[in-house]
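See below for the structure under consideration.
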Amino acid sequence: MSQKLTGASVAEHNSKDSCWVIVHGKAYDVTEFLPEHPGGQKIILKYAGKDATEEFDPIHPPDTLDKFLDASKHLGEVDMSTVEQEEKVFDPEEADRQERIKRMPPLAACYNLMDFEAVARQIMKKTAWAYYSSGADDEITMRENHAAFHKIWFRPRILVDVENIDMSTTMLGTPCSIPFYVTATALGKLGNPEGEVVLTRAAHRHNVVQMIPTLASCSFDEIVDAKQGDQVQWLQLYVNKDREITRKIVEHAEKRGCKGLFITVDAPQLGRREKDMRSKFSDAGSDVQSGDGSVDRSQGAARAISSFIDPALSWKDIPWFKSITRMPIILKGVQCVEDVLRAVEAGVDGVVLSNHGGRQLETARSGIEVLAEVMPALRERGWDKRIEVFVDGGVRRATDILKALCLGAKGVGIGRPFLYAMSAYGLDGVDRAMQLLKDEMEMNMRLIGATRIEDLNPSLLDTRALLGGHSGVIPSDTLGLRAYDPLEAPRFNEK
Ligand SMILES: Cc1cc2c(cc1C)[n+](S(=O)(=O)[O-])c1c(=O)[nH]c(=O)nc-1n2C[C@H](O)[C@H](O)[C@H](O)COP(=O)(O)O
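Just remember that my numbering sits 3 ahead of the position in the sequence shown, which is counted from 1.
If you want it as structure tokens, here you go:
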């Protein structure tokens, strides 16, 4: 059995010229890798000669080093008892955050999805909150996503026997108990040390589909291994410039039982999420953008972890995707009628009308507004049964889900609320969030006079305000007002 390395021997390699780091009790020589690190050199050099596990975990799936660092650079086990522990410097902000965690409300005090946002804003680490809550630029589209639902009013029907409510439906042929799914959101371990597998477990409890993100903190296989029984998962794909890597990912996902391939088409380059960027710069030393300058310093960590995404992806790639998989192919991030019609002609199986949660093109329209434009165009051509249309962005209530389904969506994706519930309360938080939506759904179906999903149709809505064009008024979303800058938000039970 080879001799374990000591902390002192690793600590000697603490520079650009010779850089060793420890991750999960093993040492790695990352000297040659430094210039290639998507997150820049500085974040690695901060841990040169030291234990980098705590910084490594939220951002990288556990199999990252096995996959991307040549075996010759794997130096072996370290006797961790000989590793000098970093002296913990008192961090007043962290102390304040721990105090707020002690005072956070019990889970039962969360009555709707926005309550989870309010709690998460208070108790999450700043970098995690910044990454999850960030929208692009001035966050106008992010706020419009939520505000747009408030422009749609119901035209409920009365004296309908609504004793028995059935909110089940199918999405891509999969039976599901309620027409929403957990959409792909990256870096789950920023909010919870277990990461995306927490969402997997909650999705199983409620028979809800989970979309597995390319940029998950957990490895793809960890997330698939966490599913139970015939639980359904889809894969969200950022297409790699190296199509062989993409092919392997798609084939592996199909082999592991994924039932849908959602190709993200609204992010040829990740948007400018300034809250995320600021928090990266404000964290002493963890500024992933400085160092060798090969990573664009001005775009925050999101850009850094996504340098592999291929901006050359185009319609000409669709036949290739159809040739490498039998999974249904859905384009995620479609934002106008013309592209939906082109998607039908290209023979894909569905689209997600989405602007990436307002994290991409600022002043892109909300998914629900695009949906209201798309469905009549599809019906006019008799194409509304040729593809399944999903929508995401700003869904916070079951009434939002009902409005999307009345307009013709097959289902809706929900992102941030489940991240916030997971970050604040773990599995029980996500479980409660899903149950709250189910309870709201049952009540509101009764109140609009619908007993089954098939009953939901455009006549139950008044969309004049939605289609009346943009009044130029930038939505100020009172419910989420405090969500956009934790520094201004009142703290829990402030004395
Ligand atoms: C909140 C969030 C969303 C992300 C997301 C990460 C976070 C933290 N990430 S991102 O890092 O690249 O931006 C992804 C992603 O990996 N891939 C993707 O297709 N959509 C990504 N999205 C968009 C997501 O799939 C939905 O379109 C969006 O979250 C829906 O809006 P709500 O959050 O308001 O529900």
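Positions of the beta carbon are idealized from the N, C-alpha and C atoms, including for glycine.
Delimiting residues of the alpha helix (DSSP H) encompassing residue i
i    : result
F71  : T67 to F71
C409 : A401 to L410
I321 : I321 to I327
T341 : One detail in the question is off: residue 341 reads as Glu in this sequence, not Thr. Here the alpha helix (DSSP H) through E341 covers V340 to A349.
W132 : K129 to S136
F119 : L116 to I126
H149 : I143 to A150
E365 : Unbroken run through E365: none, as it is neither H nor E.
L202 : V200 to R208
L48  : K45 to L48
Q101 : P95 to K105
T217 : Note, T217: premise wrong, no alpha helix (DSSP H); not H, not E.
L470 : R467 to L470
T56  : T56 to F59
Buried versus exposed call for residue i [16 or more other C-beta atoms within 10 Å across all chains shown]
i    : result
N1   : Any property of residue 1 remains undetermined from this structure, which presents the chain solely from 4 to 498.
S426 : buried
F59  : buried
F393 : buried
P331 : buried
H359 : buried
W323 : exposed
Y241 : buried
G260 : exposed
S21  : exposed
E199 : buried
F265 : buried
N460 : exposed
Y114 : exposed
S326 : exposed
G353 : buried
G420 : With the sequence shown as reference, residue 420 is identified as Pro, and Gly is not the correct amino acid for it. Burial call: buried.
N167 : exposed
Euclidean distance between Cα positions of residue i and residue j
i    : j    : result
G452 : D164 : 8 Å
F152 : D32  : 52 Å
T173 : M117 : 27 Å
V373 : L356 : 7 Å
D403 : L381 : 22 Å
D320 : T267 : 13 Å
K91  : Y50  : 15 Å
A468 : E376 : 13 Å
G294 : D141 : Annotation note: pLDDT 33 at G294 (below 50); position unreliable, coordinate value reported separately. In a straight line, the C-alpha of G294 is about 28 Å away from that of D141.
A187 : M214 : 5 Å
Y135 : G416 : 16 Å
V26  : L78  : 11 Å
M107 : E120 : 12 Å
E39  : F71  : 11 Å
W237 : A14  : 43 Å
E102 : G361 : 32 Å
G232 : W386 : 34 Å
W318 : M446 : 42 Å
H207 : D94  : 38 Å
V235 : V351 : 20 Å
I252 : K128 : 32 Å
Where residue i falls: helix, strand or coil (DSSP)
i    : result
I333 : strand
G390 : With the sequence shown as reference, residue 390 is identified as Ile, and Gly is not the correct amino acid for it. I390 falls in the coil class under three-state DSSP.
R419 : helix
E87  : coil
R276 : coil
V24  : strand
H153 : helix
T249 : helix
M170 : coil
H255 : helix
L512 : Outside the shown range of the chain (4 to 498) lies residue 512, about which nothing can therefore be said.
E197 : coil
Q239 : strand
D395 : strand
G414 : strand
I62  : coil
Endpoints, beta strand (DSSP E) assigned at residue i
i    : result
A30  : K29 to D32
P178 : T177 to C179
G10  : Element bounds for G10: not the beta strand (DSSP E) but the alpha helix (DSSP H), G10 to A14.
F183 : F183 to V185
V354 : G353 to L356
L78  : H77 to E80
is_contact[residue i, chain B] using C-beta, thresh 8 Å
i    : result
V165 : Absence of chain B from the displayed structure is noted, only one protein chain being present.
Item to complete: Check whether the stretch 9-21 touches the stretch 79-86, counting contact only when three or more Cβ pairs, one atom from each stretch, lie closer than 8 Å.
Response: yes
Worksheet entry | Contact the stretch 203-218 vs the stretch 175-192: 3+ CB pairs below 8 Å | yes
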